[in-house]
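Written out below as structure tokens is the structure these notes cover.
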Amino acid sequence: MSKYIIKRILIAIPVLIGITIIDYAIMCLAGSPLEMLQGPRISEAAVEAKKIALGLDQPFYIQYLVWMEQLLHGNMGFSMKSFQPVSQMILDHLGPTLLLMGASMITGLVIAIPAGIYSAVHQYSKGDYAVVTASFLGSSVPGFFLSLLLVYIFTVKLNLLPSSGMVTLGTDGGALDVAKHMVMPTLVLAFSMAGTNIRYIRSAVLEILQQDYLRTARAKGIGHFLVINKHALRNALIPIVTVIGMQIPMLFGGQVIIEQIYSWPGLGLMTMSAINSRDYPVIMGVCLLSAVVVLVANLVTDILYALVDPTIQLK
Amino acid sequence: MNKSRNKNTIDITNESYLQTVFRRFRRHRLAMFSLVVLLVLGGAALLAPIIAPYDPEALAGPFAAPPSAEFLLGTDQIGRDVLSRLLYGMRISLLVGIMATLISTVIGVVLGLIAGYFGGIADMLIMRFTDMVMSFPYILLVLVAASIFEPGLWSIILILGFVDWPGIARLVRGNVLTLRETNFVKGNIVAGMPLRHILFSEILPNTTAPILVYATSVLALSMLDEAALSFLGLGIQPPDASLGNMLNGAQSLTVLTKQPWLWVPPGLMIVVLVIAINFVGDALRDALDPNSSHRR
Numbered sequence: 120m121s122k123y124i125i126k127r128i129l130i131a132i133p134v135l136i137g138i139t140i141i142d143y144a145i146m147c148l149a150g151s152p153l154e155m156l157q158g159p160r161i162s163e164a165a166v167e168a169k170k171i172a173l174g175l176d177q178p179f180y181i182q183y184l185v186w187m188e189q190l191l192h193g194n195m196g197f198s199m200k201s202f203q204p205v206s207q208m209i210l211d212h213l214g215p216t217l218l219l220m221g222a223s224m225i226t227g228l229v230i231a232i233p234a235g236i237y238s239a240v241h242q243y244s245k246g247d248y249a250v251v252t253a254s255f256l257g258s259s260v261p262g263f264f265l266s267l268l269l270v271y272i273f274t275v276k277l278n279l280l281p282s283s284g285m286v287t288l289g290t291d292g293g294a295l296d297v298a299k300h301m302v303m304p305t306l307v308l309a310f311s312m313a314g315t316n317i318r319y320i321r322s323a324v325l326e327i328l329q330q331d332y333l334r335t336a337r338a339k340g341i342g343h344f345l346v347i348n349k350h351a352l353r354n355a356l357i358p359i360v361t362v363i364g365m366q367i368p369m370l371f372g373g374q375v376i377i378e379q380i381y382s383w384p385g386l387g388l389m390t391m392s393a394i395n396s397r398d399y400p401v402i403m404g405v406c407l408l409s410a411v412v413v414l415v416a417n418l419v420t421d422i423l424y425a426l427v428d429p430t431i432q433l434k
Numbered sequence: 203m204n205k206s207r208n209k210n211t212i213d214i215t216n217e218s219y220l221q222t223v224f225r226r227f228r229r230h231r232l233a234m235f236s237l238v239v240l241l242v243l244g245g246a247a248l249l250a251p252i253i254a255p256y257d258p259e260a261l262a263g264p265f266a267a268p269p270s271a272e273f274l275l276g277t278d279q280i281g282r283d284v285l286s287r288l289l290y291g292m293r294i295s296l297l298v299g300i301m302a303t304l305i306s307t308v309i310g311v312v313l314g315l316i317a318g319y320f321g322g323i324a325d326m327l328i329m330r331f332t333d334m335v336m337s338f339p340y341i342l343l344v345l346v347a348a349s350i351f352e353p354g355l356w357s358i359i360l361i362l363g364f365v366d367w368p369g370i371a372r373l374v375r376g377n378v379l380t381l382r383e384t385n386f387v388k389g390n391i392v393a394g395m396p397l398r399h400i401l402f403s404e405i406l407p408n409t410t411a412p413i414l415v416y417a418t419s420v421l422a423l424s425m426l427d428e429a430a431l432s433f434l435g436l437g438i439q440p441p442d443a444s445l446g447n448m449l450n451g452a453q454s455l456t457v458l459t460k461q462p463w464l465w466v467p468p469g470l471m472i473v474v475l476v477i478a479i480n481f482v483g484d485a486l487r488d489a490l491d492p493n494s495s496h497r498r
């Protein structure tokens, strides 16, 4: 087991390095962050001096190596816009993002698992068709459109929920206030996640229902409830674990747009503003973090696999 | 049981493969309905220059007029006809989706064939590269790329085309690995058939069905992504209309609250198109699957 984990980590390292190189190359094609500085009041010479000070006059591979060397010393660089350390900025924005991610993931699973199981157990019934159709709707509605609809209904028409930020301005928040701000972004993310998950879980459970050991369980006469909830559900855990693993990178990306719409002060909002101002070190930091998250999520999924299903041998 | 066995014999004796597929596809009523919807909407998009009541970029009427007999879906803030823009927007959104899907399918198929057939170092390199692209949070990559390249129709097509391929590459590689071990492919190798023939005339046709199914989901996804990017202002640029950038205006509170005819129709149109594509893809998966005949 530990051998397997070490091997997986060793494979992940070159992938990670590759990602940072691609990242850096794309960004250097982008144009310089100094374009934002240029204007009638800043002289050509001042821009040039700034360029040298930031190391932007070097070719891209030197810049990359410098960045890499700093990274190995635990320094992710400084934002070119706010001059804050990137690691500090990421830490500041991580909390709200994790909060939103966790809440929407749990909500999504709470909807998807029972719905998926119900739909598999009652295959081809009216309820099954309704659930499957609803799940298609969930994965086909663009998050931003759903967000707009929710804001229209709950903020504009009913005036029930706040539409932006994490706490009401001018107050110091409190759990209830934060919870109220979270409802809409969480629902939007959970809805689209549940859409995909329901179909995965449904087909996973369907497959398990055809297994011989379930026929045995039924033949024992232990009753429908125990057959489904003990024998089938436990074995359906494996595909469910995979689904959760796959969802993390998707969530990470989906957050960006939703955070932007609801002005949720998380990583997504920070990333969007960094992208708009071409703040290289910040973008690099976020890309690195997200790549690490994705690779770790994949690894953990594979390990959980083995824990949930003792018949899987890791080599 | 007996009945289904009868059906199976009919499958083998009287029907061609395509007939079987179509018969199975037709059982999915929702998918048939979706196909009709897609054909109608696609036709409308194709014929937009003929059937659109106004020029989509012309200032045809009063500012922000609600729907009326003259302007069926009203006009936008600067007096352009919303219905005409909707038709043209659909045209652009479908074009982006289809082109991006084509590009990513071609890249994915070629890389998957090479990796699966040759194995060894080529396989290792291609699959690690695939891992890299897949480990990128998809939207982040698209956003970074979109903010870098001059936004516009072709850059959005290329960006989406170049990030959507890893799934197809993996799928094709997996199928090729199994097909390579089959007797008919081995027979071809022994007979000394040219590589091009083996890859494209023997292996590829046997993996088209899953590729086709996967491509429908890529089409749906890339249309959603185009909409999201254009909504954020990083995709199709005005004055060109796309379903996504028509929603862009709804970020302002006046449009959101007072002028729903500006943002509800394009949003609903995206939902209808994407859900119809998904339903068709799902029915195709069932219809093309050789093992699905025992189901109802």
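These protein sequence lines are chains A and Y, in that order.
If you want my numbering, it's the 1-based position in the first sequence plus 119.
If you want my numbering, it's the 1-based position in the second sequence plus 202.
Cβ atoms here follow ideal geometry from the backbone N, Cα and C, with glycine treated the same way.
This structure is a prediction, so every number in the text was calculated from the model and none was measured.
Minimum C-alpha distance to residue i - residue among the options
i	options	result
Y:N408	Y:I358, Y:L343 and Y:V374	Y:V374
A:I377	A:R334, A:V205, A:M391 and A:G293	A:M391
A:F273	A:L295, A:M303, A:K245 and A:S254	A:M303
A:G227	A:T315, A:F264 and A:Y248	A:T315
Y:S454	A:Y381, A:P368 and A:G137	A:Y381
Y:T277	Y:Y290, Y:L261 and Y:M292	Y:L261
A:I236	A:R337, A:L356, A:L191 and A:P178	A:L356
A:A351	A:L279, A:I367 and A:S322	A:S322
Y:L243	Y:V476, Y:A411, Y:L490 and Y:D488	Y:V476
A:V307	A:L265, A:S206 and A:A294	A:L265
Y:Y319	Y:P264, Y:R382, Y:T303 and Y:F331	Y:R382
Coarse secondary structure for residue i, derived from DSSP in three states
i	result
Y:P268	coil
Y:F351	coil
A:F197	strand
A:P204	strand
A:T315	helix
A:A338	helix
Y:D283	strand
Y:T277	strand
Y:S295	helix
Y:A247	helix
A:Y243	coil
A:H212	helix
Y:L220	helix
A:Q330	coil
Y:D484	helix
A:E188	helix
Residue i, buried or exposed, once every other Cβ within 10 Å from all chains shown has been counted against 16
i	result
Y:S218	exposed
A:L408	buried
A:W186	buried
A:Q329	exposed
Y:N450	buried
A:I128	exposed
A:A298	exposed
A:I359	buried
A:R353	exposed
A:L414	buried
A:Q366	buried
Y:V238	exposed
Close beta carbons around residue i, own chain, < 7 Å, minus the five adjacent residues each side
i	result
A:D398	P152, S198, M199 and K200
Y:I316	A324 and I328
A:T216	Q374, G385, L386 and G387
A:Q189	G196
Y:G435	N450
Y:K205	At Y:K205 the pLDDT is 43, less than 50, meaning the model places this residue with poor confidence; the figure from the coordinates comes in the next sentence. So no residue of the chain qualifies.
Contact set for residue i: own chain, Cβ-Cβ below 6 Å, skip 5 residues either direction
i	result
A:A234	V250 and I317
A:M220	L370
Y:V311	V374
Y:Y416	I370 and L373
A:P439	Nothing can be reported for residue 439 of chain A: it is not among the residues displayed for chain A, which extend from 120 to 434.
Y:M301	I359
Y:V335	P368
A:I230	A313
Any non-hydrogen atom of the ligand GTP within 6 Å of residue i CB
i	result
A:L277	With respect to the ligand GTP, the structure shown offers nothing to examine, as it has no ligands at all.
Close-in-space but distant-in-sequence residues of the same chain around residue i (CB under 8 Å, 5 per side omitted)
i	result
Y:D484	H230 and A233
Y:L248	R293
Exercise for the section: At 4 residues or longer, and completely inside the stretch 258 to 305 of chain A: list those alpha helix (DSSP H) runs for me, N to C. Expected result: Restricted to the stretch 258 to 305 of chain A, the alpha helix (DSSP H) segments that are unbroken, complete and at least 4 residues in length are 262 to 269, listed in chain order.
Exercise for the section: List in chain order: all unbroken alpha helix (DSSP H) runs of 4+ residues lying wholly within the stretch 357 to 420 of chain A. Expected result: Entirely contained in the stretch 357 to 420 of chain A, the alpha helix (DSSP H) runs reaching 4 residues are, in chain order, 386 to 395.
Exercise for the section: Scan the stretch 368 to 440 of chain Y and note each continuous alpha helix (DSSP H) run of 4 residues or more that stays entirely inside, going in chain order. Expected result: Within the stretch 368 to 440 of chain Y, the complete alpha helix (DSSP H) runs of at least 4 residues fall at 368 to 382, 385 to 392 and 410 to 433.
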